[in-house]
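Chemist: Protein chains in written order, with our numbering: chain A, 1 to 381; chain B, 1 to 328.
By construction, the Cβ of each residue, glycine as well, lies at the ideal position given by its N, Cα and C atoms.
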């Protein structure tokens with residue numbers, strides 16, 4: 001009797017484990033909306049990749065870091081490994097912070113990061129890069145889309161001060177005069193605004209708050225940070241969480257990378273920058289925004305200052321942009337991984353590699369910056 | 001051990017001070033002593049690690065570690081404090097205990113004293129299954145099912161009990177991703193452990209006690225009140241402490257459900273607050289080396305809180321020793 005009871009219990013537990021396991025798997029499956037667009041971009045480009053001038057290197061490298069560039073990296077790694085047999089590139093999308101820590105411990109050949117290295121991180125990179133130090137190579141650009149959920153209202157236009165006030169709970173209803181002024185023809189409801197932001201520390205938050213601080217200083221008094229500083233609103237874990245809350249909550253507004261808006265079919269806000277037309281969040285418009293950036297890194301470090309992009313009034317230049325970097329040693333890269341690192345970085349910075357980006361919701365680097373990145377990569381040693 | 005197991009050999013002759021010791025005895029004694037010391041070493045190592053890393057972080061904190069609301073170790077100078085986290089951790093765990101303990105004891109009593117054998121077994125299985133569900137599943141269920149369905153209860157509480165401040169909702173429109181919801185979710189998560197242990201303890205109540213009470217003409221409720229509950233009390237308290245430990249440390253479910261923010265609010269229904277483990281999981285990924293040390297400092301505080309709670313539970317149990325099973 002006792003024994004039977006135990007085995008029955010065990011069978012039940014196994015059954016439950018199987019059911020929950022299946023649930024998790026399906027949850028992942030339905031959540032990962034990017035895979036479709038991913039495979040289509042890589043398949044459409046695989047022909048061009050094969051024809052391109054990838055100068056192959058053999059070996060195996062480890063890298064880790066930003067999840068923001070995960071989809072781009074997956075497509076690049078796939079193309080590169082298809083073209084070059086004998087090369088294995090392992091990019092672990094953990095987080096920017098983890099990537100930098102891994103890099104400075106010497107486990108990564110290169111790391112992906114949403115923000116350039118801080119001064120103390122450069123200092124500690126000198127231990128790993130004998131005779132050199134870690135440098136930032138801008139590689140993946142992208143627009144941060146402001147998604148909203150307001151049935152009956154399409155083509156919503158906002159500007160930086162209004163956005164700052166909304167995210168700081170200074171504007172609390174959708175029919176606020178400030179929003180009405182920007183959308184004279186829209187039929188705005190009196191619904192309360194539900195603003196959503198990231199609960200976890202995030203490069204997306206850091207870049208959005210850089211924009212708000214840069215373009216609407218009076219209405220966004222906080223320093224930019226990876227942790228959300230605004231008052232009110234609700235916090236959700238991960239970009240996918242913000243996107244799904246915006247999708248299901250009427251009156252919601254939130255921010256995430258463009259790919260999440262495309263995947264969940266969330267309408268995005270057009271930004272009134274002072275250009276002749278409000279600017280939509282698209283890959284091409286983001287590239288035009290990033291083109292305003294200035295290189296502030298010294299030597300071969302190419303850290304970008306995007307503040308000119310935040311206040312740009314150029315037509316079709318989207319101002320809320322982020323740039324993620326690859327971090328490598330300028331000198332003193334490990335001799336066994338250097339050839340493959342250089343070869344792979346050369347590929348992703350090439351016109352061909354950058355051409356992969358638009359399809360996945362990212363923005364290719366403007367030519368002027370891409371040229372500098374390529375020459376910095378060639379100088380790696 | 002010597003009293004229960006029948007001695008395989010003849011008892012030692014009187015007057016011999018030393019008992020017989022075989023190699024097996026010595027090996028077993030050594031192994032068990034080693035296991036005991038192992039626990040101490042592990043706890044000591046954890047405490048030492050937490051303290052060393054925490055001290056280096058707190059010494060560079062430019063805000064009061066205990067009274068600051070925000071957590072921003074990446075700022076220059078860094079500013080972080082545990083006020084909101086300690087409050088949220090304790091409040092959500094208290095809500096969970098208030099809900100879970102009575103229900104768990106009720107289930108345990110129903111299984112052991114009221115339910116027909118078959119039904120009791122089925123309920124026991126289901127409770128065991130609740131314990132087998134991973135916490136991230138609770139988190140998903142909480143975020144996708146519990147949160148939308150608690151909106152009505154929230155509005156009701158706000159409407160009728162809003163005057164208590166505790167149940168006042170600042171913005172009735174906001175989704176109920178609050179400490180209150182987290183408390184309810186935690187209550188469900190800690191139910192199985194409290195129920196299972198309580199059930200086993202209640203089963204240990206000597207049948208003679210109950211039969212004696214019944215023979216005196218007590219009703220079933222009186223039997224439970226006068227003989228079962230006093231006897232099982234210390235066991236139920238221990239069970240509750242195990243549950244409380246889980247509630248204090250729960251991470252993923254809280255991080256999925258709670259809308260965390262550096263606000264300390266007495267309004268339990270408002271989306272605000274945070275807990276130690278939720279904060280660690282939210283901040284760890286993007287944290288720098290220093291930021292991780294700061295998070296470890298918050299982990300040390302959670303460690304200390306748990307130690308205090310367990311110590312308090314030990315005291316309570318020790319004071320009720322006369323009822324414990326050992327003396328029955």
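Distance check for residue 324 of chain A and residue 366 of chain A, CA to CA, integer angstroms please.
Modeler: 14 angstroms
Chemist: Which value, in whole angstroms, describes the spacing of the CA atoms of residue 140 of chain A and residue 288 of chain A?
Modeler: Between residue 140 of chain A and residue 288 of chain A, the C-alpha separation is close to 14 angstroms.
Chemist: Note down the Cα distance separating residue 210 of chain A from residue 223 of chain A, rounded to an integer number of angstroms.
Modeler: Their Cα atoms are separated by approximately 8 angstroms.
Chemist: If I follow the unbroken alpha helix (DSSP H) through residue 341 of chain A, where does it start and stop?
Modeler: 338-349
Chemist: Kindly list, in the order they appear in chain A, the residues whose Cβ is closer than 7 angstroms to that of residue 221 of chain B.
Modeler: Per Cβ cutoff of 7 angstroms: no residues; residue 221 of chain B is ~29 angstroms from chain A at best.
Chemist: For the segment 160-187 of chain B, list every residue whose C-beta sits within 8 angstroms of some C-beta in chain A, in sequence order.
Modeler: 171, 173, 174, 175, 177
Chemist: If we cut at 7 angstroms on Cβ distances, does residue 254 of chain A have a partner in chain C?
Modeler: Going by chain labels, chain C is absent from the structure shown, which instead holds the protein chains A and B.
Chemist: For residue 261 of chain B and residue 82 of chain B, which I take to be in contact (beta-carbon distance under 8 angstroms), what is that distance rounded to the nearest angstrom?
Modeler: Between residue 82 of chain B and residue 261 of chain B the Cβ distance is about 15 angstroms, and since that is not below 8 angstroms, they are no contact.
Chemist: For the segment 182-191 of chain B and the segment 97-104 of chain B, state whether three or more C-beta atom pairs, one from each stretch, are separated by less than 8 angstroms.
Modeler: yes
Chemist: What do you get for residue 163 of chain B, buried or exposed, if any count of 16 or more other CB atoms within 10 angstroms of its CB means buried?
Modeler: By the 10 Å Cβ count, residue 163 of chain B comes out exposed.
Chemist: Please go through the same chain and pick out, in chain order, the residues whose beta-carbon is closer than 7 angstroms to the beta-carbon of residue 238 of chain A, but skip the five residues on each side of it.
Modeler: 200.
Chemist: Determine the direct distance from the alpha carbon of residue 22 of chain B to that of residue 29 of chain B, and round the result to whole angstroms.
Modeler: 11 angstroms
Chemist: Applying a beta-carbon distance threshold of less than 7 angstroms, which residues of chain B neighbour residue 405 of chain A?
Modeler: This structure cannot settle anything about residue 405 of chain A, because the visible part of chain A is limited to 1 through 381.
Chemist: For the beta strand (DSSP E) that contains residue 60 of chain A, what are its first and last residues?
Modeler: 59-65
Chemist: Might you give, ordered along the chain, the residues of its own chain that have their beta carbon closer than 6 angstroms to the beta carbon of residue 92 of chain A, omitting 5 neighbours on each side?
Modeler: 64
Chemist: Is there a Cβ from chain B that is less than 7 angstroms from the Cβ of residue 99 of chain A?
Modeler: Using beta-carbon distances, residue 99 of chain A does not count as an interface residue toward chain B, since no partner is under 7 angstroms.
Chemist: Residues in the same chain with beta-carbon distance under 8 angstroms from residue 364 of chain A, minus the five sequence neighbours each way, listed in chain order, please.
Modeler: 141, 283, 287, 354, 355, 357, 358, 370, listed in sequence order.
Chemist: Assign residue 46 of chain B to one of two classes, buried (16 or more other C-beta atoms within 10 Å of its C-beta) or exposed (fewer than that).
Modeler: exposed
Chemist: Indicate the three-state DSSP secondary structure (helix, strand or coil) for residue 266 of chain A in the structure shown.
Modeler: coil
Chemist: Give the DSSP-derived three-state secondary structure of residue 289 of chain A in the structure shown.
Modeler: helix
Chemist: Does residue 131 of chain A have its Cβ less than 7 angstroms from a Cβ in chain B?
Modeler: no
Chemist: Name the chain B residues that come within less than 8 angstroms of residue 223 of chain A, Cβ to Cβ?
Modeler: Simply 75.
Chemist: Kindly indicate which three-state DSSP category residue 325 of chain A falls into: helix, strand or coil?
Modeler: If DSSP states are grouped into helix, strand and coil, residue 325 of chain A belongs with the strands.
Chemist: Does the separation of the CB atoms of residue 107 of chain B and residue 195 of chain B fall below 7 angstroms?
Modeler: In contact: residue 107 of chain B and residue 195 of chain B (Cβ atoms closer than 7 angstroms).
Chemist: Among the residues of its own chain, which have a CB less than 6 angstroms from the CB of residue 175 of chain A, if the five just before and after it don't count?
Modeler: 188, 190
Chemist: Output yes if chain B places a C-beta closer than 7 angstroms to the C-beta of residue 227 of chain A; else output no.
Modeler: yes
Chemist: Please work out which residues of its chain come closer than 7 angstroms, Cβ to Cβ, to residue 248 of chain A, disregarding the five sequence neighbours upstream and downstream, and give them in chain order.
Modeler: none
Chemist: Using a 10 Å radius around the Cβ and a threshold of 16 neighbouring Cβ atoms, would you call residue 98 of chain A buried or exposed?
Modeler: buried
Chemist: If you measure from the beta carbon of residue 230 of chain B to each beta carbon in chain A, is any gap under 7 angstroms?
Modeler: Contact with chain A is absent for residue 230 of chain B, since none of that chain's Cβ atoms lies less than 7 angstroms from the residue's Cβ.
Chemist: Assess contact between the segment 312-329 of chain A and the segment 126-140 of chain A, defined as three or more Cβ pairs (one per stretch) separated by less than 8 angstroms. Is contact present?
Modeler: yes
Chemist: Return the CA-CA distance between residue 299 of chain A and residue 169 of chain B, expressed in angstroms with no decimal places.
Modeler: 55 angstroms
Chemist: Pick from A:350, A:121, A:144: whose alpha carbon is nearest that of residue 133 of chain A?
Modeler: Closest by alpha carbon: A:121.
Chemist: Let me check one thing: in DSSP terms, what residues is residue 255 of chain A bridge-paired to?
Modeler: A:146
Chemist: Would you mind listing the alpha helix (DSSP H) stretches within the segment 184-255 of chain A that are 4+ residues and don't spill past its ends, in chain order?
Modeler: Within the segment 184-255 of chain A, the complete alpha helix (DSSP H) runs of at least 4 residues are 203-215, 238-248.
Chemist: Go ahead and pull the three-state DSSP assignment for residue 139 of chain B.
Modeler: helix
Chemist: For residue 108 of chain A, count the other beta carbons within 10 Å of its own beta carbon; 16 or more makes it buried, fewer makes it exposed. Which is it?
Modeler: Classification for residue 108 of chain A: buried.
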